Amino acid sequence: MPERVRFTIDGQPAEAGAGESLLAALWNAGRLAVRSSVGGEARGPLCGMGACFECRVTIDGEPHRRACLERVREGMVVIPRASDRPGPEGPAIETADRASASRWPSRGPERPIGAEIADPSAPGAIEAPRDDGRAREPEPRLMTDVVVIGAGPAGIAAAVHAAEAGARTLLLDEQARPGGQVWRGDPPRAARAWLDRLERSGAQVLAGATVVDAPAPGELLVARGDRPVRVRFERLVLATGARELFLPFPGWTLPGVVGAGGAQALLKAGARFDGRRVVVAGSGPLLLAVAAALRRNGARVVGVAEQASLARLAAFGASLWRAPRKLFEGVGYGAALAAVPYRTGAWVQEARGKGAVDGVRVTDGRREWHWACDVLACGFGLVPSLELPRLLGCATSAGAVLVDAAQQTSVGGVFAAGEIVGIGGASQALATGAVAGLAAAGRAVPERLAARRVAEAGFAARLVRAFALRPELRDLARPETLVCRCEDVPLGHLAAMASAREAKLHTRAGMGACQGRVCGPALAVLRGFAPDTVRPPLVPVPAAILESEDALTAPAGAAGGPAPRTG
Amino acid sequence: MSGPSVIVVGAGAVGAACAEALAEEGCRVTVLESAFPGAGATGAAMGHLVVMDDSEAQFALTSWSRRLWAERAASFPPAMEDVACGTLWVAEGDEEMAHVRKKAAFYSERGEPVEVLDGATLREAEPRLREGLAGALRVPGDRVLYPPAAARLFLDRARGHGAEVRTETRVEAVGSGRARFGGRWVEADAVVNAAGAFAPRLVPGLPVVPRKGHLVITDRYPGFLRHQVIELAYLKSAHTLTRESVAFNVQPRKTGQLLVGSSRELVGFDPAINPSLCARMLRHAASYLPDLTHLRALRTWTGFRPATPDSLPLVGMWEPGLWIAAGHEGLGVTTAPGTARLLADLLLGRTPPIDPAPFDPRRGMPVHA
Numbered sequence: 216m217p218e219r220v221r222f223t224i225d226g227q228p229a230e231a232g233a234g235e236s237l238l239a240a241l242w243n244a245g246r247l248a249v250r251s252s253v254g255g256e257a258r259g260p261l262c263g264m265g266a267c268f269e270c271r272v273t274i275d276g277e278p279h280r281r282a283c284l285e286r287v288r289e290g291m292v293v294i295p296r297a298s299d300r301p302g303p304e305g306p307a308i309e310t311a312d313r314a315s316a317s318r319w320p321s322r323g324p325e326r327p328i329g330a331e332i333a334d335p336s337a338p339g340a341i342e343a344p345r346d347d348g349r350a351r352e353p354e355p356r357l358m359t360d361v362v363v364i365g366a367g368p369a370g371i372a373a374a375v376h377a378a379e380a381g382a383r384t385l386l387l388d389e390q391a392r393p394g395g396q397v398w399r400g401d402p403p404r405a406a407r408a409w410l411d412r413l414e415r416s417g418a419q420v421l422a423g424a425t426v427v428d429a430p431a432p433g434e435l436l437v438a439r440g441d442r443p444v445r446v447r448f449e450r451l452v453l454a455t456g457a458r459e460l461f462l463p464f465p466g467w468t469l470p471g472v473v474g475a476g477g478a479q480a481l482l483k484a485g486a487r488f489d490g491r492r493v494v495v496a497g498s499g500p501l502l503l504a505v506a507a508a509l510r511r512n513g514a515r516v517v518g519v520a521e522q523a524s525l526a527r528l529a530a531f532g533a534s535l536w537r538a539p540r541k542l543f544e545g546v547g548y549g550a551a552l553a554a555v556p557y558r559t560g561a562w563v564q565e566a567r568g569k570g571a572v573d574g575v576r577v578t579d580g581r582r583e584w585h586w587a588c589d590v591l592a593c594g595f596g597l598v599p600s601l602e603l604p605r606l607l608g609c610a611t612s613a614g615a616v617l618v619d620a621a622q623q624t625s626v627g628g629v630f631a632a633g634e635i636v637g638i639g640g641a642s643q644a645l646a647t648g649a650v651a652g653l654a655a656a657g658r659a660v661p662e663r664l665a666a667r668r669v670a671e672a673g674f675a676a677r678l679v680r681a682f683a684l685r686p687e688l689r690d691l692a693r694p695e696t697l698v699c700r701c702e703d704v705p706l707g708h709l710a711a712m713a714s715a716r717e718a719k720l721h722t723r724a725g726m727g728a729c730q731g732r733v734c735g736p737a738l739a740v741l742r743g744f745a746p747d748t749v750r751p752p753l754v755p756v757p758a759a760i761l762e763s764e765d766a767l768t769a770p771a772g773a774a775g776g777p778a779p780r781t782g
Numbered sequence: 004m005s006g007p008s009v010i011v012v013g014a015g016a017v018g019a020a021c022a023e024a025l026a027e028e029g030c031r032v033t034v035l036e037s038a039f040p041g042a043g044a045t046g047a048a049m050g051h052l053v054v055m056d057d058s059e060a061q062f063a064l065t066s067w068s069r070r071l072w073a074e075r076a077a078s079f080p081p082a083m084e085d086v087a088c089g090t091l092w093v094a095e096g097d098e099e100m101a102h103v104r105k106k107a108a109f110y111s112e113r114g115e116p117v118e119v120l121d122g123a124t125l126r127e128a129e130p131r132l133r134e135g136l137a138g139a140l141r142v143p144g145d146r147v148l149y150p151p152a153a154a155r156l157f158l159d160r161a162r163g164h165g166a167e168v169r170t171e172t173r174v175e176a177v178g179s180g181r182a183r184f185g186g187r188w189v190e191a192d193a194v195v196n197a198a199g200a201f202a203p204r205l206v207p208g209l210p211v212v213p214r215k216g217h218l219v220i221t222d223r224y225p226g227f228l229r230h231q232v233i234e235l236a237y238l239k240s241a242h243t244l245t246r247e248s249v250a251f252n253v254q255p256r257k258t259g260q261l262l263v264g265s266s267r268e269l270v271g272f273d274p275a276i277n278p279s280l281c282a283r284m285l286r287h288a289a290s291y292l293p294d295l296t297h298l299r300a301l302r303t304w305t306g307f308r309p310a311t312p313d314s315l316p317l318v319g320m321w322e323p324g325l326w327i328a329a330g331h332e333g334l335g336v337t338t339a340p341g342t343a344r345l346l347a348d349l350l351l352g353r354t355p356p357i358d359p360a361p362f363d364p365r366r367g368m369p370v371h372a
């Protein structure tokens, strides 16, 4: 029996397994809806990995925290409904509740963030704080040769290779543990080998760290909780990964409608699906993996709807001989999914239900049918997370960062690897990460690695062709269907808008907490909108982080200065 | 529509308001906007509607304008996010408190209702302000709204009176009774340059420079603040034309968000966030509102106030057939309705209700530092 943790939800006692995310704990307590939107709709999680901001709850009096990024803790006080709505009825914050000052995150000295790298042998020795006239705690400053952003397969491979080549290396990740989305939870054997190698490599890992800004060349402003950390570096490897593409359709905001990757992330965080009827839909190789994982965990998978046609999938399957490492990712699903209807060229037209999803209307363009379900796991493939690369001014093309043969971006000293150079899965990430890590450490890239990198790029291109989105998906949303889930903006409000920026200023689409991470890629597909300019903070952070000390003078030859930001 | 034909260049709050006022008077109005309505300073602005006492002329224009806004408030669509929150001009110590009393007398003598708050009353009014502040001047009639929606509202009404609005149309040059766009000149009885900080690009010699500002907006914390709060020393910052400066100016938005300003810099049209100035601005705000430090900042942005050397806008004729409505610095949203009425009266040869001389674009002015 795993250890149990007691906490409260809306004042009611609840229990969870130690190690579960707060989001999983809420899910397991039957809370598929965790917040109410600005328009008063009940909402539940979508992405499960910190990008959609739909799982914001009030934790210990502090509103707007993402439950998916929090481990459930003994005694946690959670208020899920946490309305954003203004007005006297809004629970909001406890206005002027000075007696309970502890409701605000503590700034006291009991949180020695950065202390774990205070080891003198570590890459970042902590400098003395500078006096700015107000009593402040030391702001940790880390100095390193190579900093790697993102601890998925690409980032791990980059950090391992850079550190093994002798560079002082620091690996940053927003999650509590390295592994990224693909190696989260219970990692496969191959992943464990990489994680062990990471530990032996000498690379330092800074977990729970979010990059907020690149205030000066060779410098990053990083948030750990409510504390700022400054990182100075010579070379930077971007391995910020990808998130799911969500396209709006009627009912997609109902609680119980989650991403396909979102369902997988929930599973890995400890959410239980046993006995739940799940429809898996959308597009991409992930759908079968998710369906199989759900089955293994006791879910009743009602059906899988893949929007790509059988003809395209067959062509892709035939091309797999060119990339044999991919095959193992496909085996094993056959048995797990033997009795599950798998429909190609089919997509969900509408999710239905009152208060939560209870069924979906599916079509293949000729026929229509209904699948009853408790959960719809629906995602349309992955899109690279380009906020940091774009803030740094890295050139992109077709939604991916442009790199040379050494994985160097258009910004000198800044390298990129993994999904952000083209969606291609874990083995592509490992190949490009290894190249980027070696190059960032100033080493030549062995021919063997270079060849693998090229082969992987070909696979990524075939993947895009096989799972290209069908045009019908652009017409699923009705005028009243919400596009921006943070600000509850319906598609109809965007009719006269010609750009992402105009839509933002005149309809509030993209103005909310997710900063357009969900509606931005959706509007790129629906309306062809180019993304709006990226500005700090890259994620919402306590103002304390932005208040922190001025930028340091950059070391000569350092890379990664901020790009001009407009807007 | 038998009135004169007028081309309005720029669909920010000021240009859009001019278009509305002129169209309402029967002018045949064409608005030419290089991007979309409110895309420039209007889209970056805080959206305060405040009566200011920097000069008699400023008081006259701001109080008249705010009254014009208030008359319309009942018919605002929800997107206007209008909040009649009033302003608190916060005094740090006794010296500033003496200033508060002078300010109170100035407003009262001119019929603007105000209230002097001592330290204790101030804390009751705004419990999130730090302890130890001397007091404040409350101007209950001030409000805040969402500027891009204001620009759109003016334009919609202008269209209702027959105006034509062309977005994504960049004006390349203007002259007496003509404007060039898309490579050809179009004639009109009058051209109004309402291009904000970009006005001098069309009319060289206009004394307008871009004065950059930073803003930070938080997530939603309804009830955190009730008034817009501004430090009394704000005008000190506003008058510093050379150095970079920050001032405490925070608004409660209708959404429950807090909008945090302000900064001033003269760095041309460089839109980059200046992280150290932004940090300074936030620290300064937190020195008044300590809990602000814990609120989540969602976005930062910059904008360019069209500043004039004497802090008054340029409203009136530049040469026959060419008119100016620009240079409003941080008060373009506040004074848009008054500016529009003033311009329309002058253009149509009528006597405006306030003295137009202080706003004459050709007035003698100190040179920009």
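Residue numbers (this note's numbering), protein chains in the order written: chain A, 216 to 782; chain B, 4 to 372. We put the beta carbon where it would ideally sit given N, CA and C, even for glycine. Values in this document were obtained by computation on a predicted structure and should not be read as measured data.
Could you name the residues of chain A that residue 230(B) contacts, counting a contact when the two beta carbons are closer than 9 angstroms? For this step, residue 230(B) is matched to residue 227 along the second sequence. None at all; the shortest Cβ gap to chain A is about 14 angstroms.
Buried or exposed for residue 218(A), please, with buried defined as at least 16 other CB atoms from any protein chain shown within 10 angstroms of its CB. To locate residue 218(A), count along the first sequence from 1; it is residue 3. Answer is exposed; the Cβ neighbour count stays below 16.
If the cut is a Cβ gap below 8 angstroms, which residues of chain B does residue 763(A) touch? Start at 1 with the first residue of the first sequence, and residue 763(A) comes out as number 548. In chain order: 282.
Spatial neighbours of residue 337(B) in its chain, beta-carbon cut-off 7 angstroms, leaving aside the 5 residues before and after: Looking up residue 337(B) in the second sequence gives position 334. Around residue 337(B): 51, 52, 53, 65, 68, 69.
In chain A, which residues lie less than 9 angstroms from residue 251(B) when you measure between Cβ atoms? For the purposes of this step, residue 251(B) is identified with residue 248 of the second sequence, where counting begins at 1. Correct list: empty, because the minimum Cβ distance to chain A is about 13 angstroms.
Judging by CA-CA distance, which residue of 758(A), 586(A), 227(A) is the nearest neighbour of residue 290(B)? Start at 1 with the first residue of the second sequence, and residue 290(B) comes out as number 287. The candidate whose alpha carbon is nearest that of residue 290(B) is 758(A).
Based on DSSP bridge pairs, tell me the residues matched to residue 719(A). The residue labelled residue 719(A) in the question sits at position 504 within the first sequence. Answer is none; residue 719(A) lacks a bridge partner.
Interface residues of chain B facing residue 430(A) [CB-CB closer than 7 angstroms]: Here residue 430(A) refers to the residue found at position 215 when the first sequence is read from its first residue. Here the neighbours are 278.
Alpha-carbon to alpha-carbon, residue 92(B) and residue 107(B): As a position in the second sequence, residue 107(B) is number 104, starting the count at 1. As a position in the second sequence, residue 92(B) is number 89, starting the count at 1. Going by the C-alpha atoms only, they are around 10 angstroms apart.
Measuring CA to CA, which of 552(A), 488(A), 590(A) is closest to residue 563(A)? Walking along the first sequence from the start, residue 563(A) turns up at place 348. Measuring from the Cα of residue 563(A), the nearest candidate turns out to be 590(A).
Tell me the DSSP secondary structure of residue 699(A) in three-state form. The sequence position of residue 699(A) within the first sequence is 484, counting from 1. Looking at residue 699(A) - three-state DSSP - the assignment turns out to be strand.
Keeping to the same chain, check which residues put their C-beta closer than 6 angstroms to that of residue 706(A); ignore five residues upstream and five downstream. Start at 1 with the first residue of the first sequence, and residue 706(A) comes out as number 491. Answer for residue 706(A): 692, 694, 696, 698, listed in chain order.
Would you grab the beta carbon distance between residue 423(A) and residue 391(A) for me? Rounded to a whole angstrom, and I think it's under 8 angstroms. If you number the first sequence from 1, residue 423(A) lands on position 208. If you number the first sequence from 1, residue 391(A) lands on position 176. Indeed they touch by this definition, with Cβ atoms about 6 angstroms apart.
For residue 222(B), go through chain A and note every residue whose CB falls closer than 7 angstroms to its CB, in chain order. Within the second sequence, residue 222(B) is the residue found at index 219, counting from 1. Those within 7 angstroms of residue 222(B) in chain A are 279, 728, 755.
Beta-carbon contacts of residue 620(A) that lie in its chain and below 7 angstroms, excluding the five residues immediately before and after: Locating residue 620(A) in the first sequence gives position 405, counting from the first residue. Answer for residue 620(A): 665, listed in chain order.
Can you give the beta carbon distance from residue 211(B) to residue 200(B), rounded, assuming they're within the 8 angstroms contact cut? For the purposes of this step, residue 211(B) is taken as the residue at position 208 of the second sequence. For the purposes of this step, residue 200(B) is taken as the residue at position 197 of the second sequence. Confirmed, about 6 angstroms.
What is the DSSP secondary structure of residue 39(B), reduced to helix, strand or coil? Translated into positions along the second sequence, residue 39(B) becomes position 36. Residue 39(B) falls in the coil class under three-state DSSP.
Starting from the beta carbon of residue 285(B), find every residue of chain A whose beta carbon is closer than 8 angstroms, and list them in chain order. If you number the second sequence from 1, residue 285(B) lands on position 282. Those are 758, 761, 762, listed as they occur along chain A.
Between residue 201(B) and chain A, is there a C-beta pair that is closer than 9 angstroms? Position 198 of the second sequence holds residue 201(B). No, no contact with chain A.
Buried or exposed by the 16-neighbour rule on C-beta atoms within 10 Å, applied to residue 272(B): Here residue 272(B) refers to the residue found at position 269 of the second sequence. With fewer than 16 other Cβ atoms within 10 Å, it is exposed.
Spell out the partners DSSP gives residue 231(B) in its beta bridges. Taking the second sequence and counting its residues from 1, one reaches residue 231(B) at position 228. In the DSSP output, where bridge partners are listed per residue, residue 231(B) has 90(B).
Run through the region 304 to 357 of chain B for me and flag every whole alpha helix (DSSP H) of 4 or more residues, listed as ranges in chain order. 335 to 350
Does the region 434 to 448 of chain A come close enough to the region 460 to 467 of chain A to have 3 or more Cβ pairs within less than 8 angstroms? no
Residue nearest to residue 384(A) in terms of C-alpha spacing, selected from 636(A), 645(A), 372(A): Against the first sequence, residue 384(A) aligns to sequence position 169. Residue 372(A) holds the alpha-carbon nearest to the alpha-carbon of residue 384(A) among 636(A), 645(A), 372(A).
Give me the residue from 303(B), 135(B), 25(B), 298(B) with the minimum Cα distance to residue 123(B). By one-based count along the second sequence, residue 123(B) stands at place 120. When each option's Cα is compared against that of residue 123(B), the closest is 135(B).
Determine which residues of the region 477 to 488 of chain A have a Cβ less than 9 angstroms from any Cβ of chain B, and write them out in chain order. none
When you compare the CB of residue 721(A) with every CB in chain B, is at least one pair closer than 9 angstroms? Working through the first sequence from its first residue, we reach residue 721(A) at position 506. Residue 721(A) counts as touching chain B.
Just to confirm, is the Cβ distance from residue 306(B) to residue 16(B) under 9 angstroms? Position 303 of the second sequence, counted from the start, is the residue given in the question as residue 306(B). Position 13 of the second sequence, counted from the start, is the residue given in the question as residue 16(B). Judged by their CB atoms, residue 306(B) and residue 16(B) are not nearer to each other than the 9 angstroms cut-off.
Report all residues from its chain with a CB closer than 7 angstroms to the CB of residue 725(A); omit the five preceding and five following residues, and keep chain order. The residue given as residue 725(A) occupies position 510 in the first sequence. So the list reads 699, 715, 718, 719, 731, 734, 735, 747, once near-sequence residues are dropped.
Contact with chain A by residue 41(B), beta-carbon distance below 9 angstroms: Indexing the second sequence from 1 puts residue 41(B) at position 38. Contact with chain A is found for residue 41(B), since one of that chain's Cβ atoms lies less than 9 angstroms from the residue's Cβ.
Could you check the C-alpha separation between residue 234(A) and residue 479(A) for me, to the nearest Å? What you label residue 234(A) is simply residue 19 of the first sequence in a count that begins at 1. What you label residue 479(A) is simply residue 264 of the first sequence in a count that begins at 1. Spanning the two alpha carbons is a distance of roughly 16 angstroms.
Rounded to whole angstroms, how far is the Cβ of residue 499(A) from the Cβ of residue 597(A), which I believe are closer than 8 angstroms? Taking the first sequence and counting its residues from 1, the one referred to as residue 499(A) is at position 284. Taking the first sequence and counting its residues from 1, the one referred to as residue 597(A) is at position 382. Rounded, the Cβ-Cβ distance is 7 angstroms, consistent with contact.
Output, in sequence order along the chain, the residues in the region 137 to 162 of chain B whose CB is closer than 8 angstroms to any CB in chain A. 151, 152, 155
Just grab the DSSP bridge partners of residue 224(A) for me. Here residue 224(A) is taken as the residue at index 9 of the first sequence, counted from 1. Its beta-bridge partners are 227(A), 293(A).
Are the CB atoms of residue 364(A) and residue 525(A) within a distance shorter than 9 angstroms? Position 310 of the first sequence holds residue 525(A). Position 149 of the first sequence holds residue 364(A). The answer is no: Cβ separation not under 9 angstroms.
Under 8 angstroms: do the region 450 to 460 of chain A and the region 630 to 645 of chain A share three or more Cβ pairs, one atom per stretch? yes
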